[in-house]
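Numbering follows this note's numbering, in which position 11 of the sequence shown is assigned residue number 956; successive positions increment by one, without gaps.
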Amino acid sequence: MNFQNLANQMKKMQREMEKKLAEFEEKEYQYEYKKLIKTTLKGNLRIVKLEINKDLIDPEDPDTLQDMVTEAINEALSDLEKKRDELSNSITPSIKFPGF
946 MNFQNLANQM
956 KKMQREMEKK
966 LAEFEEKEYQ
976 YEYKKLIKTT
986 LKGNLRIVKL
996 EINKDLIDPE
1006 DPDTLQDMVT
1016 EAINEALSDL
1026 EKKRDELSNS
1036 ITPSIKFPGF
């Protein structure tokens, strides 16, 4: 195996991954939690928008709202992490070295 070719291939994969990750980080992803909370996040994990159904707002019970917002955001973040991992894995296939 020619190590120069391997190094060039690795550099190409790195550039491709950096480009795809930059695109991923700028893209907006929308999530809906129990039709009560809608979140829009960027791939860089920044919240762009948070919409809460007015029926969920109860001044006598702020804990329920806090719990649901927390759960909605955590679910969205978890999904974004999975998407980012899938993107990374699709760009960097396993490289097999002879003798290993």
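We put the beta carbon where it would ideally sit given N, CA and C, even for glycine.
Handout entry: C-beta contact flag for Leu1025 and Leu966 at 8 Å
Key = Position 80 of the sequence shown, counted from the first residue, corresponds to residue 1025. Position 21 of the sequence shown, counted from the first residue, corresponds to residue 966. No; because the gap between Cβ atoms is not below 8 Å, this pair is not in contact.
Exercise for the section: For Asn989, I'd like the list of residues in its chain whose CB is within less than 7 Å of its CB, leaving aside the five on either flank, ordered along the chain. Expected result: Taking the sequence shown and counting its residues from 1, one reaches residue 989 at position 44. Result list for Asn989: Glu970, in chain order.
Handout entry: Same chain only: Cβ atoms within 6 Å of Glu996, ignoring 5 sequence neighbours per side
Key = The residue given as residue 996 occupies position 51 in the sequence shown. Once the five neighbours on either side are set aside, the close Cβ partners of Glu996 are Lys983.
Exercise for the section: May I ask which residues mark the beginning and end of the alpha helix (DSSP H) holding Leu986? Expected result: Within the sequence shown, the letter at position 41 stands for residue 986. Element bounds for Leu986: not the alpha helix (DSSP H) but the beta strand (DSSP E), Ile982 to Lys987.
Problem - C-beta contact flag for Tyr978 and Met1013 at 8 Å - result: Along the sequence shown, read from residue 1 onward, the residue named residue 978 stands at position 33. Along the sequence shown, read from residue 1 onward, the residue named residue 1013 stands at position 68. Yes. Within cutoff.
Exercise for the section: Could you round the C-beta distance between Glu961 and Ile1036 to whole angstroms and report it? I think they count as a contact, below 8 Å. Expected result: Numbered from its first residue, the sequence shown carries residue 961 at position 16. Numbered from its first residue, the sequence shown carries residue 1036 at position 91. That belief holds up - the Cβ atoms of Glu961 and Ile1036 are roughly 6 Å apart, short of 8 Å.
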